[in-house]
Amino acid sequence: MNNFYIMLAKQKVLKSFKEMPEQFSIDDAIDKLIVIHKIQSAETEIKNGKGLTTVEAKKKLKKWLN
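Residue numbers for the sequence shown follow this note's numbering, so the first one is 20 and each next one is one higher.
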């Protein structure tokens, strides 16, 4: 996945920031934006049929699950 320039939905960003404390660091804000971006990217990949089934994911992650 090399889609760094995904546009973030304004409402998702605003909702997420409203849940943060009144004061927060710039690092916290950037971390929050990165998480929103990653979730949105994953949702887009799933919609495009690039996601894994539970069985495929477990098989791929087996070495970490045991």
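Backbone N, C-alpha and C fix where the C-beta goes; we use that ideal spot for every residue, glycine too. Remember, it's a predicted structure, so these values are computed and weren't measured experimentally.
Could you round the C-beta distance between residue i and residue j to whole angstroms and report it? I think they count as a contact, below 8 Å.
i: L27; j: Q59; result: 6 Å
Consult DSSP for residue i and reduce its assignment to one of helix, strand or coil.
i: I43; result: Going by the sequence as given, residue 43 is Phe instead of Ile. Coil at F43, not helix or strand.
i: L84; result: helix
i: A3; result: The displayed coordinates of the chain run from 20 to 85. Any statement about residue 3 would go beyond what the structure contains.
i: E38; result: coil
i: L71; result: coil
i: N21; result: Confidence at N21 is low in this model, with a pLDDT of 49, below 50, so its placement is unreliable and no value can be given for it.
Where residue i and residue j are concerned, what is the direct C-alpha to C-alpha distance, given to the nearest angstrom?
i: E41; j: Q30; result: 18 Å
i: K57; j: G70; result: 14 Å
Out of the options, state which residue places its alpha-carbon closest to the alpha-carbon of residue i.
i: V54; options: T73, V32 and E64; result: V32
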